[in-house]
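Counting in the working numbering, the sequence shown tops out at residue 1132, every number present. Just so it is clear, CB atoms sit at the ideal spot from N, CA and C, and this is done for glycine as well. Data first, discussion second: the structure below is written as structure tokens.
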Amino acid sequence: MTHSICNHTGQSSQPPSVAMGKQGKSSATSGTRKKHARKAATHDPSIAIVPAAKSQGKGKGKGKNKEPRVKQYIPPPKYKPLVDDPIESLAIASALPPNMVLCFKGLSKKDPVTKIKALDELATTLSDESWSTALPVWFWHFISLSVNPNRRLRELSAIIHAKLFEQSDLRDEAQSYLLREPNAGTMLAAWALGANDVVPGIANTLKASWNSNIAWHTTTPENQLIDVQDHVDHLISVLIQAIIDPEQLYGQFAPLLAISSKDNADAADSAEHLRDRDGRIRTMGINSIAWVVEGPSTVAHSAWVVPLRELFSSNSSLGTILSSQLPKTSISDGGSAQNDVVPWGYEQRAVRMAGWKFVKTLVKILQNDQLDFVEENPDGDAPLSFKLGFLRNLGCAALRSAWMETDSGVKPSMWDGLLPLITAFPEVWSVQPIEQASIGTSEHAAAESDSDEDVEDGPMETTPNHATSSHSTTSHGHLAFADFLHFLELGCQGSAIHSYPAIVIVLSTIPETIFPYEPGTLERLFSSLWAAYDGKALNVIPRDRELTGKAFLSSVLDCIVFFFRKLHTPARTSRYEHGLTLQPELALELVPLRWIEHIIQELIHGDLSQNIPLDAAGQLIGGTLKKLEHISSDTTRLAWGVIWEPVLFRRPPPDQNTNVIKLLANMRSAVDGGINEEMIDKILKGKVQVKHVQVQDSAFPVEQARVLVSLWTYLDSAAAPWLAEVTGQAWNAEIVNHMVCSQDTRGIVSFLKGYLNASTVSEISRRAVWTEFVNACTGAEAFAMLRDVLDSVESTAPTPDEGSALFGLSKSWTTDIAGGDGAHSADLGSIIVHWRICFSQTQASEILQFLLSTFILHARELLFSCNDTVTSKIEPIAHVLAITLSSDTSLDFYSWPALDFVDASAFLLILPALPDTIGTSTRLIQCNKAYELWSTHAPIELQSAGRTRAKELMRSILLSCNTLLSARDVLTVAARSALYSDEKMILLEMIPPQCDLDRDLDDLNDNPSPVLAEYDPLISLSDLRSCRDTFDHDIIRGPAPCEGQPLGIPSPTGPSTIMLGLCVCDYLAIRSIQNGDIS
């Protein structure tokens, strides 16, 4: 029983204590259990017997028999270092300072923070002499750091590496290292990869260090730089490995990091995704190879040709560095394809940009014939020639990948690589790729293929058989052309501004076996081009809308010129001579020219003018017509007769004639004479006659007026001398009336300025047209338009006839304004300013004289009477005067003798200074404005005379008893008007002299009653004594100014007021004494 229980316990998967607890207390003794444990240990040597612990005394749970403890199995570590740390393997740790040893050991750690701290510490020891011993250790770490995902680590390692080689002794040690180490090429490869890092700062640092220390060019003097000739082959092989298998290279350069990254591939906190890491290393490899290749005088020039030729001939995946789309198999599988079918450039912008740069570099090498020294091996098993391998690999891949690129950041690099490729080697359209696989095949390209044959997978023959090769509809060139058409339908994949200028270059490289110049294929191309416009693919942000529209239209027009030139050859036209004589409109040469008809229709009737202005479109179309005429003038004339003229002359509705004329005018300015200008003039002349438009008789003048305004707006009479003649023939009063009623001020201004300035128009015709226009504006009451026209055509318009209706209307306005109605003050002012083109000098002088005399009359009435209602009549007249005085023509008015500007200016100076106490109903704002203009523009002598006249008026106001102004108001006006320099001058000039006072006193005896009636209201007798008492004090000493009193305005009790009062007191005192009223 005891034995069976022990066996069961040993076979249980649970710990022994748990099993015993479930089955109850065991009766086996301690010795029995030990015996069974020893038997079990003999069968499993990994299980050891743990000695039983000594008893610690009795108590609860102590001294009881327990099951033996079995040692837990510990598995071996998951990985071991593939390469031993040289600081341990070379046993050089004892020769280095302890702090440097710690730094190098820190670089072997996994934590990037520890590595950064170690590099920072190493940067402080660069001057230590022990670096010559530690250089191999640094090279070993530099290799792994060059591909480390941490950017900061790569930056610090690049800086330390560059600074180390600035020391000549370390450079010599590095030379010795390269000579004695057979695998030193790995360090050089890491250096080269770092010199082409995706981070510009790292790349620039290491590249400068490379150029300063490596004998890379064949012209480098010997024994001055490090010789790497023995390691060039290994360097090239490592760089190629970085392109085709970056994961393996990462495992070789940084084995510990590679294993760690595999274990943490799905971790959320991983520093870099595996695909991004491979893309980064692949980008560095592509840029490194391009850097090596583009230098023809380097020591590696002869080392890279054969490896690259073998790479082009054998590895079909190389072309996927240019592809941005998943293959069709990946798409059908829902994006779950394996990594081996995912293009290398998928979601890797830097890889694709580097790939296009690599293509450009290789094209440049092949163009310069720098591979002439490579002998072609006729052996059938040998790789393809370098050129053919390049075209069948990267070349074919470029043709397919270019049209699928959607990243606007890659597009410039794409065009930089593609255009040199297809222009230097247009045969790339005809060659077949080294492997007919589904990689890079788009769905739309396969759908457009009409062949029933399936595209076979697998590599093709390495040696091309030109004799048996044929261009089927499923050839690579046809598929690439289908992708190109789809690229056009999508509006160049969002890069219209940069891509459309290159479209005609691409078309010029496509062979006719792929794109034959036939009506069907030409229409197919134009449909693809126009599909971008119809499908709204050109709708971009408003900032780029015009640039995109211009790029699109320029591309279409360039294609028209290209195909017209291609089709206009004797070999092609001879095949259509018979049809051309019978039905010229069906000529093959006219097929691309019909695209211009479609463009014109969309500009006039469609929305194309919203993307590109009509003037810009006209310039582009005119430049194209000029090129077409140089190619074939006869075909161009034929196209005008059967295609373009019906669209422009017969089909547009009347409301579209303005757009048609604008388009034709801009086309005319670009064609520069010839047949095109002749045909455009013919259409424009016909527009004036309006014979082609089906309009009612009542609308005929309306359309003629619109056409004439448009012609003179967009055409120059000097370049089109027939314009004045056609206008004179069609001109009549009904047309000008419709012009005025249209309210198109800008168009009318353009018409009048153009017609009145035309050298071929006689003076009689100019005067008649201007008079009719002025009369039409008068009759239609289009006074706002008249003002705008007067401001624009003053220098060109003639003086109208004496019987112009405008003079009578102006006189009527003058009467209304004099009565206080200022509705037409601005109109009358504009007419007076432009009097030379409105009426004669006599008529202008008559109107101005009436306005000035009326203004003086109303102003005098306001100042010298008790009627303040004339204020509303003064302001409209002052408004007209302000407009008149603001113009340059006011200088003419000052010399006219009938105009009294002096008196008017005196009142203009005084009226704005009137205080509010007089009770004027409106503020005299226009008077103030008019006086400011008078002060600015009037001659100095007239201004001086006006000021003198204003002082006389002030004295008259002071002595007048009919004015509403009190003595204090008079002083306020004098101070505000700035007529006097200070208060003392106001007293001296305004108060009558002593002789005048004496004369007035003498006249009291003869005629006392009028004098008493005049002076009684000025001051009461009760104020005489107080005035006399304060006279001496105020005049001699002068009172302190009142607080807050403005400068220049006398205080209420100041000397000015007292003096005025005393002068009156003298009169009243004498009169009272004579009459016996005062003792």
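Between residue i and residue j, what straight-line distance do the alpha-carbon atoms span, to the nearest angstrom?
i, j, result
"residue 896", "residue 820", "18 Å"
"residue 565", "residue 575", "12 Å"
"residue 870", "residue 832", "20 Å"
"residue 161", "residue 230", "22 Å"
"residue 801", "residue 605", "35 Å"
"residue 439", "residue 679", "45 Å"
"residue 235", "residue 358", "23 Å"
"residue 658", "residue 709", "8 Å"
"residue 765", "residue 712", "14 Å"
"residue 1152", "residue 614", "Any question about residue 1152 goes unanswered here, given that the chain covers just 54 to 1132."
"residue 828", "residue 1008", "49 Å"
"residue 1022", "residue 981", "18 Å"
"residue 875", "residue 930", "8 Å"
"residue 249", "residue 341", "6 Å"
"residue 741", "residue 775", "12 Å"
"residue 937", "residue 976", "21 Å"
"residue 1028", "residue 1036", "8 Å"
"residue 1041", "residue 1031", "15 Å"
Do the CB positions of residue i and residue j come within less than 7 Å of each other?
i, j, result
"residue 461", "residue 548", "yes"
"residue 956", "residue 909", "yes"
"residue 295", "residue 258", "no"
"residue 486", "residue 445", "yes"
"residue 404", "residue 332", "yes"
"residue 199", "residue 246", "yes"
"residue 1003", "residue 963", "yes"
"residue 721", "residue 733", "yes"
"residue 601", "residue 591", "yes"
"residue 531", "residue 558", "no"
"residue 454", "residue 379", "no"
"residue 1006", "residue 933", "no"
"residue 729", "residue 787", "no"
"residue 417", "residue 470", "no"
"residue 243", "residue 213", "no"
"residue 768", "residue 715", "no"
"residue 541", "residue 474", "no"
"residue 409", "residue 466", "yes"
"residue 791", "residue 835", "no"
"residue 287", "residue 351", "no"
"residue 807", "residue 770", "yes"
"residue 452", "residue 372", "no"
From which residue to which residue does the alpha helix (DSSP H) around residue i run?
i, result
"residue 739", "727-742"
"residue 791", "786-795"
"residue 1008", "993-1012"
"residue 983", "978-990"
"residue 864", "858-871"
"residue 652", "643-657"
"residue 938", "924-938"
"residue 253", "253-266"
"residue 165", "165-176"
"residue 767", "753-767"
"residue 1039", "1036-1043"
"residue 1136", "There is no way to answer for residue 1136, as the model of the chain reaches only from 54 to 1132."
Is residue i near the ligand FMN, in the sense that its beta carbon is under 6 Å from a heavy atom of that ligand?
i, result
"residue 590", "As for the ligand FMN, it is missing from this structure, which has no ligand bound."
Does any C-beta atom of chain C lie closer than 7 Å to the C-beta of residue i?
i, result
"residue 603", "Chain labels in this structure do not include chain C; a single protein chain is all it has."
For this session: Return the chain-ordered ranges of every alpha helix (DSSP H) run that is complete within the region 326-392 and spans a minimum of 4 residues.
Result: 327-346, 358-367, 381-385
Exercise. Do the region 260-271 and the region 201-210 make contact, defined as three or more Cβ pairs closer than 8 Å?
Worked result: no
Exercise. Is the region 983-993 touching the region 929-946 in the sense that three or more CB pairs, one from each, lie closer than 8 Å?
Worked result: Here the region 929-946 lies against the region 983-993, with 3 or more beta-carbon pairs under 8 Å apart.
Exercise. What alpha helix (DSSP H) runs, 4 residues minimum, are completely inside the region 203-245?
Worked result: For the region 203-245, whole alpha helix (DSSP H) runs of length 4 or above, ordered along the chain, are 204-217, 221-233.
For this session: Say whether the region 303-310 touches the region 170-184, bearing in mind that this needs 3 or more beta-carbon pairs closer than 8 Å, one atom from each stretch.
Result: no
For this session: Report yes or no: do three or more beta-carbon pairs, one from the region 147-154 and one from the region 283-301, lie closer than 8 Å?
Result: no
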